[in-house]
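All the letters of the sequence shown, read from the start, carry residue numbers 0 to 344 under numbering that gives the first Met the number 0. Just below is one structure, and these are the notes that go with it.
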Amino acid sequence: MSFSAAKIPATIVTGFLGAGKTTMVRHLLGNAHGRRLAVIVNEFGAEGVDGETLRSCGIEDCPEENIVELANGCLCCTVADDFLPTMRALIDRDAPPDHIVIETSGLALPKPLIKAFDWPEIRSRMTVDGVIAVIDGPAVADGRFADDLDAVEAMRAEDPSIDHDNPLQELYEDQLMAADIVVLNKTDLLEAGRLPGLREEIAEAAGRPVRMIATSEGTVDPAIVLGLDAAAEDDLAARPSHHDGEDDHEHDDFESFDLAMGEIGSPSAFAARLAHVAAAHDILRIKGFAAVAGKPMRLAVQGVGRRVNHHFDRPWAADERRETRLVVIGRAGLDRIAIAEALGS
């Protein structure tokens, strides 16, 4: 792979909520093979769950100071205030990173972020090496981007070219249309024989030829997704967006809030309760950490819709408060009180 001697390459990792972006970034960090990486994580919600997950890796090629969180705001909406100062701070270091990986919020439009690399103070020193869209295969296969799945499927059966106006659908398509590579994740959870048809659907949504990688657990060889030399900031015309021509965009369709509670009992029972509450309140994403009574290890929790995964990730630090902290993300209008009561907060 080749790199420009004058510019630091940056890879933008985009994808819908819970697609597996952080898992893939963690895998990239663990297989950097001596390349100095820095990561910018754009959180949605005050609790820095994704950044904390990456910092707990203990990976030599990406020390803790190279993982930067930009919380409480979509990165594509706060380019001037947050992104540019952060990038300048990274590349002005005495030993700047060899490559920067930017993990966007699941609600972020990638194109405004790509445009930011055209700013004079950044353009001469950095380039967008590539845009990677991580897709939750089972979610897309289940039509998770449609308001009324049955009605949409009926209309599609009558007219395959129908255009349904849905903010989630537009966001999903914008991420695909900006991508150089689509990582089709969680393929181990797909029904047998579903993958070929899903590939065709994703290719159609992308609207242009794009490389696609099918994987699970975010396992992607860094040699495939890093070092693309795409210079995406010079290729904006080939990356259309539903929001082209708009000065900005709103995220009023989404909201997030944080929950704190005490120790839990059984991890499996807690995961089942999270799945039940997610289904009852149409929650898109639940993520965080839990303290399990009698256990010295911290429990990491990741929920996408009704699917909830959990594992012990590290011991609790001696000076760390043992408590359960969650971020809940969903469409606007979440019944926060009811959700908190159902979860025992």
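From the three backbone atoms N, C-alpha and C, an ideal C-beta is built for every residue, glycine too.
Buried/exposed call for residue i, threshold 16 Cβ in 10 Å
i           : result
residue 32  : exposed
residue 98  : buried
residue 216 : exposed
residue 336 : exposed
residue 287 : buried
residue 179 : buried
residue 238 : buried
residue 160 : Its pLDDT being 33, under 50, residue 160 is placed unreliably by the model, and the measurement read from it follows with that caveat. Looking at its Cβ environment, which holds fewer than 16 other Cβ atoms inside 10 Å, residue 160 is exposed.
residue 296 : exposed
residue 289 : buried
residue 187 : exposed
residue 10  : buried
residue 267 : exposed
residue 19  : buried
residue 265 : exposed
residue 152 : Annotation note: pLDDT 44 at residue 152 (below 50); position unreliable, no value reported.
residue 164 : For residue 164, the pLDDT reaches just 41, beneath the cut-off of 50, and the residue's location in the model is therefore unreliable, although a value from the coordinates is still provided. With fewer than 16 Cβ atoms within 10 Å of its Cβ, residue 164 is classed as exposed.
residue 138 : buried
residue 319 : exposed
residue 128 : buried
residue 222 : exposed
residue 322 : exposed
residue 7   : buried
residue 41  : buried
residue 5   : exposed
residue 324 : buried
residue 308 : exposed
Residues sharing a beta bridge with residue i, DSSP
i           : result
residue 100 : 10 and 38
residue 323 : 260
residue 254 : 329
Extent of the continuous alpha helix (DSSP H) to which residue i belongs
i           : result
residue 22  : 20 to 29
residue 84  : 83 to 90
residue 239 : Run containing residue 239: none; DSSP gives neither H nor E here.
residue 120 : 119 to 122
residue 351 : Residue 351 lies beyond the residue range present for the chain, which begins at 0 and ends at 344; the question has no answer from this structure.
residue 112 : 109 to 115
Endpoints, the beta strand (DSSP E) within which residue i is located
i           : result
residue 284 : 282 to 290
residue 129 : 125 to 135
residue 298 : 296 to 303
residue 314 : 306 to 314
residue 183 : 180 to 184
Closer than 9 Å to chain D by CB, residue i
i           : result
residue 140 : Among the chains of the structure shown, chain D does not appear; only one protein chain is present.
Return the chain-ordered ranges of every beta strand (DSSP E) run that is complete within the segment 203 to 231 and spans a minimum of 3 residues. Runs found: 210 to 213.
Could you tell me whether the segment 201 to 209 touches the segment 225 to 235, using the rule of 3 or more Cβ pairs below 8 Å? For the pair of segments examined, the segment 201 to 209 was found not to touch the segment 225 to 235: the number of CB pairs separated by less than 8 Å stays below three.
Is it true that the segment 21 to 35 meets the segment 112 to 125, where meeting means three or more beta-carbon pairs spaced less than 8 Å apart? no
Check whether the segment 127 to 141 touches the segment 6 to 25, counting contact only when three or more Cβ pairs, one atom from each stretch, lie closer than 8 Å. A contact between stretches requires three or more CB pairs, one per stretch, nearer than 8 Å, and the segment 127 to 141 meets this requirement with the segment 6 to 25.
Contact between the segment 321 to 334 and the segment 277 to 292 is defined here as three or more beta-carbon pairs at a separation below 8 Å; is this criterion met? Yes, the segment 321 to 334 is in contact with the segment 277 to 292.
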